[in-house]
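Read the structure below first, then the notes.
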Amino acid sequence: MRIGSKNTTGWKATISVAMSNYIESGSIIAIATSLVFWQAEFGIDDVGVGLLAALSANAFGAAVGALLGGPLCDKFGRKFIYTYDLMLYMVGVLIAAFAWNFGSLLLAFILTGIAVGAGVPASWTYIAEEAPKNARAKHVGTAQLAWSVGPMIGFLLAVVLSPLGLMGSRIIFIHLFVVAFVTWWIRQGLSESGIWKDTKAMPVVVGRSGGIRGLLSSKKNLIAIAFLFGVYGLWNTVAGQMGIFMPRVYATAGVEDPINQNLLQVLLWGCTVLSTYFGFMKFGDRMSLRKLYIIGGLLGIFSWVLLIFVEATTPILVLFAVSWGIAAGIGAQAFYSLWTSELFATRYRASAQGVLFFLARMAVGILSYWFPTLLVAHGVPFVGWIMLGLLAASLLIGAIWAPRTQGRSLQDIEEEREGSTVAVADDASTGEFVPSAGR
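Numbering (the numbering used here), first residue to last: 11 to 449.
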C-alpha cells in the first residue's frame with residue numbers, strides 16, 4: 011500500500027502522520043486514568059507514582075526518545091523513524107496491559123515514552139515540510155487536533171470502563187496497541203519528505219553540518235532554541251502536570267468521584283479539539299499569529315486564576331475546563347510545532363525538534379516527580395501559583411518575540427536565515443536570529 015507521492019501526498023500524508031499523535035497523547039491519558047488503580051493493586055506510594063509519571067511518555071521517557079529520534083530523523087530520513095518507533099511503542103503498551111508488578115509497569119512506561127519521544131520530531135517535521143506554504147498552520151494543526159482527540163477518547167473510555175477497575179485500564183492499553191498497529195501499517199506507505207530528499211542530494215558544504223552538531227554550532231539557532239523553550243517548555247510544564255495529574259487536582263479541589271473527574275477532562279479536551287479546528291487551523295494562516303497566541307495565553311492564565319482565587323464549586327470547575335480547553339487548542343504547543351519547523355534548516359530541523367522536546371519533557375519530569383507530594387502537602391492554590399508563573403512567562407516570551415514567518419515557504423525562510431543553501435559558509439554563526447513582534 012502506498013499513500014501518494016511527492017506531488018500527491020497533501021492531506022493524505024498529513025492525516026496518516028497525525029494519527030500517531032492520537033496514540034502518543036492517548037498513552038499519557040491511559041497512564042493518568044490508571045495510576046490510582048495501579049497504586050492500589052501494587053501498593054505504590056506517592057513517590058512511586060511520581061517516578062512512574064516522571065519516566066513515562068509524559069516526561070523523561072519521551073525526552074530520551076526525542077533526543078535519539080531527532081538526529082536519526084535528520085540523518086536517515088523522516089520515514090526511517092516511522093518504520094521502527096511504533097514497534098517499540100506496541101511492546102511498551104502490551105507490557106502495560108499485562109503488567110504484573112511495579113517493575114514491569116515502570117518498564118512499560120519507559121519503553122512507551124521513548125517510542126513517543128522518537129515519533130514526535132518526525133511527525134511534526136514531516137507534516138510541516140509537506141504542507142503548502144499558505145496552509146502550513148492548518149496542516150500542522152491537524153497533528154494538534156489528533157493530539158487532542160487522543161485524551162478526549164481516552165478519558166471517555168475511562169468513564170465507560172470505570173466499573174471494571176484495573177481491568178478497564180488494561181483494556182485501554184490494549185486499544186492503544188490496536189490503533190498503533192493500524193497506524194504503523196498505514197505509515198509504511200508514506201513517501202519520504204521531498205524537502206529532506208532535495209537537501210540530502212545537495213553537495214556537502216563547508217560549515218553546513220547537520221544533526222545536533224550543526225544545530226548547536228550556530229548562535230542564531232541557540233537563540234531560537236531559547237525562544238522556543240520559553241514558548242513551549244514553560245507552557246508544557248504546566249500542560250504536562252495537567253495531562254497526568256489533573257484528576258488528582260480535581261480530587262483535591264473536592265471532586266472525588268473518578269467518573270466526574272474524567273468527565274471534566276472529556277469536556278476540557280473536547281473544547282481543545284473544537285478550539286484547535288475552529289481556532290488554530292481556521293485562522294493560523296490568515297490572522298496575526300501574535301494576536302492568536304496572546305488570546306490563547308490569556309485564556310490559560312484565566313483558567314488557573316479561577317482555581318487559585320475562586321472556591322472550586324462545580325460551575326467553576328466546568329468553567330476552568332472550558333477555558334483551559336479553548337486555550338490549549340490555540341496554545342503554545344501548536345505554535346511551537348509550527349515555529350520550530352520554520353526557524354531551523356532542513357538538515358537539522360528534526361534534531362531541533364528533538365532537543366527542544368527533550369528539554370521540555372525534562373522540565374515536565376522534574377516537576378512531575380514532586381507534583382503529587384506538593385499537591386497533597388500544600389493544596390491546589392500552592393501548585394496553582396507555580397502554574398500561573400510558568401504560563402505568564404510563556405505568554406510574554408511568545409507575544410514579544412513571535413517571528414515573521416507566516417505564509418512563506420520553508421526554503422525561503424531558510425535562505426533568509428542562512429543564506430543560499432549551496433553557498434560556502436565557513437562561519438556558521440552568520441545571520442543572527444532576531445525575533446520580531448510577529449505578523
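Just so you know, even glycine gets a beta-carbon here, dropped at the ideal spot from N, CA and C.
So R88 is in the alpha helix (DSSP H); what residue range does that whole segment cover?
Residues R88 to A107.
Please tell me whether, using a cut-off of 6 Å, the distance from the CB of A234 to the nearest non-hydrogen atom of the ligand MN is below it.
Absent from the structure shown: the ligand MN. Ligands present: none.
Let me know the alpha helix (DSSP H) ranges lying completely inside the stretch 123-182, each 4 residues or longer, listed in chain order.
Runs of the alpha helix (DSSP H) inside the stretch 123-182: 146-171.
By DSSP, does L65 sit in helix, in strand, or in coil?
Under the three-state reduction of DSSP, L65 is assigned to coil, being neither helix nor strand.
Buried versus exposed, by CB contacts within 10 Å (16 or more), R296:
That one is exposed.
Give me the Cα-Cα distance between E140 and I91, rounded to the nearest whole angstrom.
For E140 and I91, the distance between alpha carbons rounds to 16 Å.
What's the gap between the Cα of L117 and the Cα of A107?
Approximately 12 Å, taken between the alpha carbons.
Return the CA-CA distance between V374 and V393, expressed in angstroms with no decimal places.
One C-alpha to the other measures close to 14 Å.
Looking at L401 and G5, is the spacing between their C-beta atoms short of 7 Å?
Absent from the structure is residue 5, since the part of the chain shown begins at 11 and ends at 449.
State yes or no: is the C-beta of G221 within less than 7 Å of the C-beta of D56?
Taking a C-beta distance under 7 Å as the contact criterion, G221 and D56 do not qualify as a contact pair.
Once you ignore the five residues that flank G470 on each side, which residues in its own chain have a CB closer than 6 Å to its CB?
The first residue shown for the chain is 11 and the last is 449, placing residue 470 beyond what the model contains.
Within 10 angstroms of its Cβ, does Q251 collect 16 or more other Cβ (buried), or is it exposed?
Counting other Cβ atoms within 10 Å of its Cβ, Q251 reaches 16 or more and is therefore classed as buried.
In chain order, what residues of the same chain lie with their CB nearer than 7 Å to the CB of I423, ignoring the 5 residues before and after it?
Same-chain partners within the cutoff: E352 and T415.
In or out: P382 buried (at least 16 other Cβ within 10 Å) or exposed?
With 16 or more other Cβ atoms inside 10 Å of its own Cβ, P382 counts as buried.
Work out the CA separation of K230 and G441 for me, nearest whole Å.
In this predicted model, G441 has a pLDDT of only 36, less than 50, meaning its place in the structure is not dependable; the value taken from the coordinates is given anyway. Answer to the nearest angstrom: the Cα atoms are 7 Å apart.
Nearest to S480 by alpha carbon, out of L327, N68, A261 and S44?
Here the chain has residues from 11 to 449 only, and residue 480 is not among them.
Rounded to whole angstroms, what is the Cα-Cα separation between G123 and L329?
For the pair G123 and L329, the Cα-to-Cα distance works out to about 32 Å.
Have a look at V265 and T324 and give me their C-alpha separation to the nearest angstrom.
Each residue's Cα considered, the two are about 8 Å apart.
What residue from S44, I25, L406 and A403 has the CA that sits closest to G199's CA?
If we check each option's Cα against that of G199, I25 comes out closest.
Give me the Cβ distance between R371 and F70, rounded to the nearest whole Å; I'm assuming they're in contact under 8 Å.
At roughly 7 Å, the Cβ-Cβ gap stays under 8 Å, so R371 and F70 are in contact.
Entirely enclosed alpha helix (DSSP H) segments - the stretch 271-338, minimum 4 residues:
Counting only runs that start and end inside the stretch 271-338, the alpha helix (DSSP H) elements of at least 4 residues fall at 299-319.
The stretch 176-190 touching the stretch 278-291, judged by at least three CB pairs closer than 8 Å
At 8 Å Cβ cutoff, the stretches do not touch.
Does the structure place the stretch 97-104 close enough to the stretch 142-155 that three or more beta carbon pairs sit under 8 Å?
Because the criterion of three Cβ pairs below 8 Å is not met, the stretch 142-155 and the stretch 97-104 do not touch.
Suppose you measure from the CA of F319 to the CA of P391; what does that come to, to the nearest Å?
Distance between the alpha carbons of F319 and P391 is about 8 Å.
Note down, in chain order, each residue of its chain lying with its Cβ closer than 6 Å to the Cβ of I205, except the 5 sequence neighbours on either side.
Its chain contains E139 and T356 as the residues whose beta carbon lies nearer than 6 Å to that of I205, once the 5 sequence neighbours on both sides are disregarded; these appear in chain order.
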